[in-house]
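Structure record follows, encoded as structure tokens.
2 protein chains.
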Amino acid sequence: MDKKIATIQDVARVAGVSTATVSRTLSKPTVVAAATREAVLNAVAETGYRINATASNLRRQRTGSVIVLLPNIANPFFAQILAGLSSILTPAKYGMLIADTQSGPDPDERLVHYLTSGQADGLILLDGSLSPDALKIPGRPPIVMACEWMGSDLPSVRVENGRGAAMAVGHFAQLGHRSVGHVTGPRGNVLAESRLEGFRSALTSLGLPLRHDWILEGDFSMDSGAAAANAWLAMEDRPTALFFASDEMAVGFMGVVQRAGYSVPEDVSIVGFDNIEIVQHLSPALTTIRQPRTQIGIRAAELLLRMIETGTLTGPSDLIEIEFIRRGSACPPPVGE
Amino acid sequence: MDKKIATIQDVARVAGVSTATVSRTLSKPTVVAAATREAVLNAVAETGYRINATASNLRRQRTGSVIVLLPNIANPFFAQILAGLSSILTPAKYGMLIADTQSGPDPDERLVHYLTSGQADGLILLDGSLSPDALKIPGRPPIVMACEWMGSDLPSVRVENGRGAAMAVGHFAQLGHRSVGHVTGPRGNVLAESRLEGFRSALTSLGLPLRHDWILEGDFSMDSGAAAANAWLAMEDRPTALFFASDEMAVGFMGVVQRAGYSVPEDVSIVGFDNIEIVQHLSPALTTIRQPRTQIGIRAAELLLRMIETGTLTGPSDLIEIEFIRRGSACPPPVGE
DNA sequence: AACGCGTATGTAATCGTTTGCAAAGAAAGG
DNA sequence: CCTTTCTTTGCAAACGATTACATACGCGTT
Chain A
1 MDKKIATIQD VARVAGVSTA TVSRTLSKPT VVAAATREAV LNAVAETGYR INATASNLRR
61 QRTGSVIVLL PNIANPFFAQ ILAGLSSILT PAKYGMLIAD TQSGPDPDER LVHYLTSGQA
121 DGLILLDGSL SPDALKIPGR PPIVMACEWM GSDLPSVRVE NGRGAAMAVG HFAQLGHRSV
181 GHVTGPRGNV LAESRLEGFR SALTSLGLPL RHDWILEGDF SMDSGAAAAN AWLAMEDRPT
241 ALFFASDEMA VGFMGVVQRA GYSVPEDVSI VGFDNIEIVQ HLSPALTTIR QPRTQIGIRA
301 AELLLRMIET GTLTGPSDLI EIEFIRRGSA CPPPVGE
Chain B
1 MDKKIATIQD VARVAGVSTA TVSRTLSKPT VVAAATREAV LNAVAETGYR INATASNLRR
61 QRTGSVIVLL PNIANPFFAQ ILAGLSSILT PAKYGMLIAD TQSGPDPDER LVHYLTSGQA
121 DGLILLDGSL SPDALKIPGR PPIVMACEWM GSDLPSVRVE NGRGAAMAVG HFAQLGHRSV
181 GHVTGPRGNV LAESRLEGFR SALTSLGLPL RHDWILEGDF SMDSGAAAAN AWLAMEDRPT
241 ALFFASDEMA VGFMGVVQRA GYSVPEDVSI VGFDNIEIVQ HLSPALTTIR QPRTQIGIRA
301 AELLLRMIET GTLTGPSDLI EIEFIRRGSA CPPPVGE
């Protein structure tokens, strides 16, 4: 009954070699003679030796893990990005540490904490509303943004948010809508801002009216979509089409208006953003802008690994194509309006 | 420009004390004299010292992180459990390492790998379909199951799956349904099995017919719910009520039948399981069984931390209350059927 | 003066690897 | 037979913290 776990010393003793040779056999097998190598591998099997990651990391001055900082784990939107990240990090022998900025008191402070704590070889940021000041920290590990970030030149993987908004507005215009509204993401969030900006400029370039009372503030959540629905129901002069900065808000909206006896898209056309899995199963299925979330995760992880490997803090930014997905939640506006 | 990060040695030098004193000041401040403590803290501030977790962990023979093993990160169901876990682990200074069993080739092998690799002080399992053999490993870290597991006596946090199913069936019976079907989770998954079992025994104890062709196999996903809908539509003799082993399947089902021109609940009553956030925003809002997922995560994390702290491999099992949530997706069966 | 005791600090070993350097031996060339 | 070069291995010093043990000092007691 071997209660204690074997160390490299034990393996060395069993194999009749030095610890150095064991270490080399495991890390660069080509430099040791074939016979020795075999002896060592046998000893490893016999003792059930597993390399102690902590000791290895200490000696090699690395941690073997990257931290993913996101605003809210419970948001399914991030879950798929995580899946993409994991699919790259795991095979590369990096652990994926998850931390959410919301759970603590001050999000920015959390960021600084992780930047300085040396707990990770790299960071991936999924939160679009963190302060850029944190970047000044000397000796910080490489960071990759997996979304846009205000005026920062951090390496990033992002998505054409503005163009997505323009696609939505263009679709409405093509269907004949002239009164188009927008439900935004939280103020201060870059994703929200750039979608709003895209919405605005698309409206003006298409010669459609831009009405402030048709721009409703949301926070990406379903509840805020439901709130927007109530606001919409209470309006005197309603827009016939609404572009939502997130699918979740569109879902919340649809639930309320449908239960109020209105029909989507006959009474109001809507387009979401993200293409979360569920929206294709709704009735009507939601027309939306697809963000390839797994892809975003994969690219971000690859980029970060490259930076860690080469030891640079800068890197290219990657722009990922989005796609307009036409389903059943938008149609021409009701006649006579 | 201090490129290099300060070590405990630097702090000791600046403060004019030994490294031992610095370490003690930081870990148990009461044992050092007030004046020394202040000097050390000043030195810490001056040098910008951050404790090196890797070195600390090596010396203390721990890792400071726990691994969460789940079947599929992208499943929003787990996201909230993760949030609960995180809310406990983070304040307790434990990192949360996420790994999914699906991404690799052999899930069981992954489990064994993490069990033996010594990368974590503890494990939390969210996958209901892993082999119990893995537990035999000597010297393994403590494990907590956050769901049921076949015939294992691992400490766990679980939910009254069988009772949930019985609640759903009871509700249907009370409304007057006599033909009740079930869409299951994936075969071999414990959650799925116990809900199915609960469904079966509830039917018989209520004297309702148990028909095999009314039990459809799903896999918890929306797509499988949609498939079940097509199967239902194709039936000669349809059940008037369906209990789903997951909300997601119920959503998939509802989408298909609604687009096929049927109405929920007038044509078919449905009840889901989980109470995922979205279902209250659907129309009709889904009647379901609520599992307090954040709560599950919290309890599991607390249990695991206690086990780590006391160094035991066994612990109590925690049963979390579920709740029947009546919304709008079930009503009395259509007359004349 | 000797002793005991408590408090505060320092010394140095230790955790388990990795790796620069040196040494040993073999092969090759003159 | 003496260099030179190459391959293979071992020695021992890191990596940066924690902590058992030793030491030093102050102060009260006998």
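For the record, the sequence lines run as chains A and B. The letter at position 299 of the first sequence is residue 299 when you use full-length UniProt numbering, and the numbering goes up by one with no holes. The letter at position 168 of the second sequence is residue 168 when you use full-length UniProt numbering, and the numbering goes up by one with no holes. Note that beta-carbon positions come from the ideal geometry of N, C-alpha and C, so glycine has one too. The structure displayed is predicted, hence computed values, not measured ones.
Quick check on the burial criterion: 16 or more other C-beta atoms within 10 angstroms. Buried or exposed for residue i?
| i | result |
| --- | --- |
| A260 of chain A | exposed |
| I8 of chain A | buried |
| R187 of chain B | exposed |
| L233 of chain A | exposed |
| Q61 of chain B | exposed |
| S205 of chain A | exposed |
| V11 of chain B | buried |
| Q174 of chain B | exposed |
| R59 of chain A | exposed |
| I278 of chain A | buried |
| P71 of chain B | buried |
| E109 of chain A | exposed |
| A33 of chain A | exposed |
| residue 344 of chain B | No answer is possible for residue 344 of chain B: it lies beyond the span of chain B, which begins at 1 and ends at 337. |
Along chain A, which residues have their Cβ under 7 Å away from the Cβ of residue i?
| i | result |
| --- | --- |
| V251 of chain B | I278 and H281 |
| I73 of chain B | A79, L82, A83 and S86 |
| P76 of chain B | P76 and A79 |
By Cβ distance below 8 Å, which residues in the same chain neighbour residue i in space, the five residues on each side in sequence not counted?
| i | result |
| --- | --- |
| T63 of chain A | N57, G118, Q119, A120 and D121 |
| S27 of chain B | none |
| I270 of chain B | A241, L242, F243, F244, A250, F253, M254, V264, L286, T287, S329 and A330 |
| I51 of chain A | I8 and L26 |
| P334 of chain A | T240, E266 and D267 |
| V31 of chain A | R24 |
| Q102 of chain B | P71 and N72 |
Report the neighbours of residue i on chain A: residues whose CB is nearer than 8 Å to its CB, in chain order.
| i | result |
| --- | --- |
| M96 of chain B | L97, I98 and A99 |
| A226 of chain B | H281 |
| G218 of chain B | Near G218 of chain B there are no residues of chain A at all, since even the closest Cβ is about 14 Å away, more than 8 Å. |
| G261 of chain B | Result: empty, since nearest Cβ-Cβ is about 10 Å, beyond 8 Å. |
Interface residues of chain B around residue i at Cβ under 7 Å?
| i | result |
| --- | --- |
| M222 of chain A | E277, I278 and H281 |
| Q258 of chain A | S283 |
| T54 of chain A | T54, N57, L58 and T63 |
| G185 of chain A | Near G185 of chain A there are no residues of chain B at all, since even the closest Cβ is about 17 Å away, more than 7 Å. |
| G207 of chain A | The contacting residues do not exist; G207 of chain A stays about 35 Å from chain B at best. |
Alpha carbon to alpha carbon, how far is residue i from residue j?
| i | j | result |
| --- | --- | --- |
| T314 of chain B | L196 of chain B | 29 Å |
| L69 of chain B | S246 of chain B | 20 Å |
| K93 of chain B | T54 of chain A | 17 Å |
| Y49 of chain B | A6 of chain B | 5 Å |
| E323 of chain A | L123 of chain A | 28 Å |
| A74 of chain A | L303 of chain B | 21 Å |
| P155 of chain A | E217 of chain A | 29 Å |
| S283 of chain A | L135 of chain A | 45 Å |
| R140 of chain A | L115 of chain A | 6 Å |
| S86 of chain A | M96 of chain A | 7 Å |
| D274 of chain A | A79 of chain B | 18 Å |
| A20 of chain A | R13 of chain A | 12 Å |
| I289 of chain B | F77 of chain B | 14 Å |
| L208 of chain B | R200 of chain B | 10 Å |
| residue 348 of chain A | A35 of chain B | Not covered by the structure: residue 348 of chain A. The range shown for chain A is 1 to 337. |
Ordered along the chain, which non-local residues of its own chain (more than five positions away) have a Cβ less than 6 Å from that of residue i?
| i | result |
| --- | --- |
| V157 of chain A | A146, I296, R299, A300 and D318 |
| A15 of chain B | A39, V40 and A43 |
| A166 of chain A | G198 and A202 |
Can you name the residues of chain B whose CB is closer than 9 Å to the CB of residue i?
| i | result |
| --- | --- |
| T116 of chain A | I5, G48 and R50 |
| A231 of chain A | Near A231 of chain A there are no residues of chain B at all, since even the closest Cβ is about 16 Å away, more than 9 Å. |
Using 7 Å as the cut-off, classify the Cβ of residue i as near or not near the heavy atoms of the ligand HEM, replying yes or no.
| i | result |
| --- | --- |
| V268 of chain B | As far as ligands go, the structure on display features none, and thus does not contain the ligand HEM. |
So, at 7 Å on beta carbons, what are the nonlocal neighbours of residue i in its own chain, with the 5 sequence-adjacent residues on each side left out?
| i | result |
| --- | --- |
| I81 of chain B | L126, A146, R293, I296 and G297 |
| L203 of chain B | V169, V180 and L210 |
| P316 of chain A | P155 |
| residue 345 of chain A | Lying before the first or after the last residue shown, residue 345 of chain A is absent from chain A, which here runs from 1 to 337. |
So residue i contacts chain B; which residues on that side make the cut at Cβ distance below 8 Å?
| i | result |
| --- | --- |
| Q119 of chain A | A53 and G95 |
Taking Cβ-Cβ distances shorter than 9 Å, what residues in chain A pair up with residue i?
| i | result |
| --- | --- |
| A245 of chain B | Those do not exist, as A245 of chain B stays about 17 Å from chain A at its closest Cβ, beyond 9 Å. |
Considering only residues of the stretch 206 to 265 of chain A, which uninterrupted alpha helix (DSSP H) runs meet the minimum length of 4 residues and lie entirely inside it, listed in chain order?
-> 222 to 234 and 247 to 259
What are the complete alpha helix (DSSP H) segments, minimum 4 residues, inside the stretch 14 to 91 of chain B?
-> 19 to 27, 34 to 47, 53 to 60 and 76 to 89
Quick one: complete alpha helix (DSSP H) runs, 4+ long, within the stretch 91 to 142 of chain A?
-> 107 to 116
Ordered list of alpha helix (DSSP H) runs contained in the stretch 295 to 336 of chain B, each at least 4 residues | none
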